[in-house]
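Residue numbers (the working numbering): 682 to 1042.
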C-alpha cells in the first residue's frame, strides 16, 4: 500500500552517530543542542524569536496564553484541522468560535472571521490546511482592525511561502509541528516563532514551570504558571540533522503537487484545492475536491494507494457542542474532500498511476 503519510528520517549513518554522541554526553535535557536548533531553524526558514517546545500543541498553548487568552475569552478558529488546534484554547478556559472555511481551499474565510468578532475575541487561529497558505493579508487586516492576535498554525505548512517569505512571518505568533509524519520530524516537538521580542521572557517561563533556565533554583521566583513544555537535546539533535535534508523532502512534495495540478486541471468532475494568490503550498497533503470522493477513494485503495479525508471536522466533537453553528462552506468542502499521496516517497511511476485512476473517474 502506498501510504498517505510517512516518516522522513535522515540517513542512518548520519543520524545514529549524532544521537550516540548526545545520548552519552551526560546532557540529554534542554541545553545547548536545543539552543543551536532554535537558531538554525530560525535562520533556515527566515523566522525570528524562535523557541523549541515539546510539541506543536505546546507551542500553540503558549501562543494563546501570550495573546491574552484566558477564561471567558473567545478564540476564532477553523474546524477543518487536527483536533489539538481547537482543544488548546480549552486549556485556558476559552471558548472556540467557529468561522466558516472557503470551500475552494478548506482555509478560513476572512469575512466569516470578521462576522465572528465580539468584544471577548482575543485571537484568531489561522491554519494553513494541508500546507496551502490561507488568505493572510485579509486575516491580518481583520486582526489589526480589531486589535486581536493572529496566530498562524503552520503544522502542515513547513516550506510553504507567502509573498515570497517563508510561512509564519505574518502572524503575531506562528507554530510549527515536528510530530512523526510532518515534512520534518524530531520524533515529537514543535516551534513557536514570536513577532515581538517582548514576549520572549514570558514564553521561556511558560515552557519551563514558570522559571527561566539558567537561573539557580535557590534564587528563582515563580510569578506565573508554566508547564514542562521544553524540547530536549535528543530531539534537538534529530532536528539539527534533519535541517540538512528537509529541503529535499519539501521540494519533492512540491514537485508532486505541481505535477498533480498540471495533470488534473482538465480532469472531468475533479477540482483541486487552491491557496491565496500570494501563496505557494508545500503540499503536505494533496487535496482533491470531487462530488464522487467516496467512489474515487474506493478505486484508489483498491489499487493499493491510500486515500482519505484524514481529519474529522472538529465542530462534530461533543466537547464543542456549545460552539454549534451552521458552516455551509465547511459542509461543501468536506463532502468533496479527498487527500492522495504527494510526499517524498511518491515516485514518478506512482504519481502517474494515481493520475490515471483519477482520470478514469
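Note that beta-carbon positions come from the ideal geometry of N, C-alpha and C, so glycine has one too.
Because the structure is a prediction, the values reported are computed rather than measured.
Three-state secondary structure (DSSP) of residue i
{"i": "residue 818", "result": "helix"}
{"i": "residue 974", "result": "helix"}
{"i": "residue 999", "result": "helix"}
{"i": "residue 846", "result": "strand"}
{"i": "residue 957", "result": "coil"}
{"i": "residue 709", "result": "coil"}
{"i": "residue 853", "result": "coil"}
Proximal residues to residue i (C-beta, below 8 Å), its chain only, five neighbours per side dropped
{"i": "residue 807", "result": "759, 788, 789, 815, 817, 820, 831, 832, 833, 834, 852"}
{"i": "residue 878", "result": "729, 730"}
{"i": "residue 827", "result": "798, 802"}
Buried versus exposed, by CB contacts within 10 Å (16 or more), residue i
{"i": "residue 997", "result": "exposed"}
{"i": "residue 829", "result": "buried"}
{"i": "residue 950", "result": "exposed"}
{"i": "residue 858", "result": "buried"}
{"i": "residue 682", "result": "exposed"}
{"i": "residue 802", "result": "buried"}
{"i": "residue 837", "result": "buried"}
{"i": "residue 918", "result": "buried"}
{"i": "residue 705", "result": "exposed"}
Residue from the options whose Cα sits closest to the Cα of residue i
{"i": "residue 934", "options": "968, 910, 915", "result": "968"}
{"i": "residue 1018", "options": "1037, 972, 986", "result": "972"}
{"i": "residue 725", "options": "964, 1015, 846", "result": "846"}
{"i": "residue 771", "options": "792, 799, 738, 1021", "result": "738"}
{"i": "residue 885", "options": "702, 740, 687", "result": "740"}
{"i": "residue 928", "options": "685, 699, 689", "result": "689"}
{"i": "residue 905", "options": "891, 1001, 899, 897", "result": "891"}
{"i": "residue 958", "options": "999, 762, 860, 842", "result": "842"}
{"i": "residue 1041", "options": "980, 991, 1000", "result": "980"}
Residues near residue i by beta carbon distance below 6 Å, same chain, minus five either side
{"i": "residue 813", "result": "786, 954, 956, 962"}
{"i": "residue 742", "result": "769, 772"}
{"i": "residue 849", "result": "728, 833, 835, 855, 874"}
{"i": "residue 876", "result": "853"}
Neighbourhood of residue i by C-beta distance below 7 Å, restricted to the same chain and skipping five residues each side
{"i": "residue 1039", "result": "945, 948, 951, 977"}
{"i": "residue 744", "result": "832, 854, 856, 873"}
{"i": "residue 896", "result": "none"}
{"i": "residue 703", "result": "709, 714, 914, 915, 918"}
**Q.** Continuous alpha helix (DSSP H) assignments of at least 4 residues falling wholly in the region 731-807
**A.** For the region 731-807, whole alpha helix (DSSP H) runs of length 4 or above, ordered along the chain, are 737-747, 765-772, 791-797.
Q) Considering only residues of the region 855-919, which uninterrupted alpha helix (DSSP H) runs meet the minimum length of 4 residues and lie entirely inside it, listed in chain order? A) Counting only runs of at least 4 residues, the region 855-919 fully encloses the following alpha helix (DSSP H) elements, listed from N- to C-terminal order: 881-887.
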